[in-house]
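Counting in the working numbering, the sequence shown runs from 180 upward without gaps.
As structure tokens, the structure follows; a few thoughts come after it.
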Amino acid sequence: MSYFRPAIDALTAYQPGEQPAAGEQVVKLNTNENPYPPSPGALAALQSVAADSLRRYPQPAADEFRASAAAVLGIDATWIVAGNGSDDLLTMLFRSVADAERPVAFPAPTYSLYRTLARMQGAPAVEVPFDDTYALPVERLAAAAAALTIVASPNSPSGNRIPNADLDELAARVSGILVIDEAYAAFATGDALELTARRENVVVLRTLSKSHSLAGLRLGFAVAPPALLSGLLKVKDSYNVDAVSARVGAAAIRDTAHTVANVERVCASRERLSAALADIGCRVWPSEANFLLVRPPDGDARNVYERLKAEGILIRYFDEPMLADRMRITVGTPAQNERLLAALRQLVSPAVESGRTPNDQ
Ligand SMILES: Cc1ncc(COP(=O)(O)O)c(C=O)c1O
Numbered sequence: 180m181s182y183f184r185p186a187i188d189a190l191t192a193y194q195p196g197e198q199p200a201a202g203e204q205v206v207k208l209n210t211n212e213n214p215y216p217p218s219p220g221a222l223a224a225l226q227s228v229a230a231d232s233l234r235r236y237p238q239p240a241a242d243e244f245r246a247s248a249a250a251v252l253g254i255d256a257t258w259i260v261a262g263n264g265s266d267d268l269l270t271m272l273f274r275s276v277a278d279a280e281r282p283v284a285f286p287a288p289t290y291s292l293y294r295t296l297a298r299m300q301g302a303p304a305v306e307v308p309f310d311d312t313y314a315l316p317v318e319r320l321a322a323a324a325a326a327l328t329i330v331a332s333p334n335s336p337s338g339n340r341i342p343n344a345d346l347d348e349l350a351a352r353v354s355g356i357l358v359i360d361e362a363y364a365a366f367a368t369g370d371a372l373e374l375t376a377r378r379e380n381v382v383v384l385r386t387l388s389k390s391h392s393l394a395g396l397r398l399g400f401a402v403a404p405p406a407l408l409s410g411l412l413k414v415k416d417s418y419n420v421d422a423v424s425a426r427v428g429a430a431a432i433r434d435t436a437h438t439v440a441n442v443e444r445v446c447a448s449r450e451r452l453s454a455a456l457a458d459i460g461c462r463v464w465p466s467e468a469n470f471l472l473v474r475p476p477d478g479d480a481r482n483v484y485e486r487l488k489a490e491g492i493l494i495r496y497f498d499e500p501m502l503a504d505r506m507r508i509t510v511g512t513p514a515q516n517e518r519l520l521a522a523l524r525q526l527v528s529p530a531v532e533s534g535r536t537p538n539d540q
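Here is the structure:
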């Protein structure tokens with residue numbers, strides 16, 4: 180006998196990347212965090228949090244943050260809902276839209292939380308496979324006729340940005356809501372925000388976790404026409420964004436110069452890292468995010484992951500059919516990237532030169 184819903188009994192919980200204990204010395208390239216500190220303005224805002232704002236409940240809609248985000252994006256604050264990370268917005272979307280009769284669709288492989296949230300709702304999930312180029316399978320996603328279709332752009336773990344023309348076509352053809360998860364959009368050559376103004380069924384998700392170096396704060400937001408956001412607001416936890424996050428996030432999002440400078444540094448490192456990985460014989464997919472999808476020369480990505488881990492370098496390995504020969508590597512600081520490359524050269528290059536696999540060593 181179980182105390183839980185059958186959907187929960189059948190569920191495998193979402194598996195986040197490893198988070199080392201405080202003080203543990205690792206090169207952490209596994210969860211797409213930004214390697215640089217948050218904005219000094221955000222840190223000053225953190226210091227200035229008044230005791231009274233902790234004593235009281237926060238504003239339910241995180242007004243200070245919403246106003247700042249709206250000003251930066253040039254939209255009205257009524258087009259924004261803030262959340263405890265963009266994961267919270269995804270939860271609201273699934274709760275308000277998906278159930279056993281209202282399926283969900285997304286291309287795969289992608290952010291695996293989508294699958295977990297569908298299962299929590301007991302909603303069928305149509306997973307449409309990407310091909311090896313990770314071009315969006317528009318036809319088959321539209322054919323799924325889902326109540327909720329989700330596309331991450333840039334996608335994780337592939338790193339490619341989906342062209343707006345494909346997203347626009349998909350938005351026109353799906354019968355339900357199209358969510359464009361732009362967790363990594365700041366690192367890309369463009370974004371799809373303008374679709375929210377043209378399509379009544381499009382929601383764009385953003386987060387401060389990656390581009391703003393605030394993964395620990397937990398702050399994300401959704402942009403969509405207010406009519407579409409009204410459903411989300413009904414299922415939102417009353418105080419889903421705490422007073423500290425709203426205040427620090429507001430300062431962080433206003434400091435666009437700091438964000439742009441960090442993003443540029445990460446993108447420059449991404450290109451150097453990509454070229455260096457290709458030099459040692461890896462296949463590297465083109466990325467517009469702060470990580471790279473990489474296939475080691477012999478395809479034994481699990482072995483590389485385990486051996487790097489033994490050396491205190493964490494990357495992400497997904498033990499899944501379409502990803503088993505690949506690994507996702509977050510772009511770190513130049514020093515971190517060099518440590519990774521030095522370790523990889525030991526693991527990979529001798530095998531390339533001598534024709535042996537790393538397992539033979
Ligand atoms: C595609 C995608 N969406 C959303 C998230 C979650 O971001 P947040 O930290 O805002 O919950 C991630 C985190 O890794 C992600 O990769």
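All C-beta atoms in this analysis are idealised placements derived from N, C-alpha and C, irrespective of residue type, glycine included.
Sub-7 angstroms separation of residue i and residue j beta-carbons
| i | j | result |
| --- | --- | --- |
| Thr295 | Tyr193 | yes |
| Pro138 | Val307 | The structure shown has nothing for residue 138, since the chain only spans 180 to 540. |
| Asn380 | Leu349 | no |
| Val510 | Leu452 | yes |
| Ile259 | Val427 | no |
| Ala201 | Phe366 | no |
| Val330 | Ile341 | yes |
| Trp464 | Gly369 | no |
| Asp345 | Val383 | no |
| Ala323 | Asn343 | no |
| Thr438 | Ser390 | yes |
| Asp267 | Gln300 | no |
| Gly355 | Ala314 | no |
| Met271 | Leu411 | yes |
| Ser466 | Tyr215 | no |
| Thr328 | Leu320 | yes |
| Arg462 | Leu526 | no |
8 angstroms contact criterion, which residue i and residue j should meet: CB distance rounded
| i | j | result |
| --- | --- | --- |
| Ala261 | Val283 | So it is not a contact: roughly 23 angstroms between Cβ atoms. |
| Phe273 | Ala297 | 7 angstroms |
| Val251 | Thr435 | 6 angstroms |
| Leu519 | Pro336 | In fact, because the Cβ distance is near 16 angstroms, the residues do not count as touching under 8 angstroms. |
| Met501 | Ala480 | Not a contact, Cβ separation roughly 12 angstroms. |
| Asn516 | Ser409 | That belief does not hold up - the Cβ atoms of Asn516 and Ser409 are roughly 45 angstroms apart, past 8 angstroms. |
| Pro237 | Ala425 | 6 angstroms |
| Ser265 | Arg378 | Going by Cβ atoms, the distance from Ser265 to Arg378 rounds to 20 angstroms, so no, they are not a contact pair. |
| Glu499 | Ala522 | Contact flag wrong, Cβ pair sits at about 24 angstroms. |
| Asn213 | Val445 | 7 angstroms |
| Ala246 | Ala256 | 5 angstroms |
| Ser332 | Glu361 | 6 angstroms |
| Pro405 | Thr375 | Not a contact, Cβ separation roughly 11 angstroms. |
| Leu269 | Leu292 | 6 angstroms |
Cutoff 7 angstroms: residue i Cβ touching any chain C Cβ
| i | result |
| --- | --- |
| Asp266 | Here there is only one protein chain, and chain C is not present. |
Please write down, chain order preserved, every residue whose beta carbon lies under 5 angstroms from a heavy atom of ligand 2.
No copy of ligand 2 occurs in the structure displayed; its ligands are ligand 1 alone.
Check whether the segment 206-222 touches the segment 494-513, counting contact only when three or more Cβ pairs, one atom from each stretch, lie closer than 8 angstroms.
yes
Pairs of beta-carbons, one from the segment 231-243 and one from the segment 474-490, closer than 8 angstroms: are there three or more?
no
State whether the segment 421-435 contacts the segment 386-404, with contact taken as three or more CB pairs (one from each stretch) at a distance under 8 angstroms.
yes
Quick one: complete beta strand (DSSP E) runs, 3+ long, within the segment 440-523?
470-474, 506-509
Alpha helix (DSSP H) segments (min. 4 residues) lying fully within the segment 237-266
242-252
Completely contained beta strand (DSSP E) runs for the segment 337-373, where each covers 3 or more residues:
356-360
Would you check if the segment 405-421 and the segment 180-194 touch, i.e. whether three or more CB-CB distances between them fall below 8 angstroms?
no
If we require 4 or more residues per run, which alpha helix (DSSP H) segments fall completely within the segment 275-328?
292-300, 317-322
Any chance you could list the alpha helix (DSSP H) runs of at least 4 consecutive residues sitting entirely within the segment 396-420, in chain order?
405-414
Counting only runs that start and end within the segment 202-241, where is the alpha helix (DSSP H) found for 4 or more residues in a row?
219-226, 230-234
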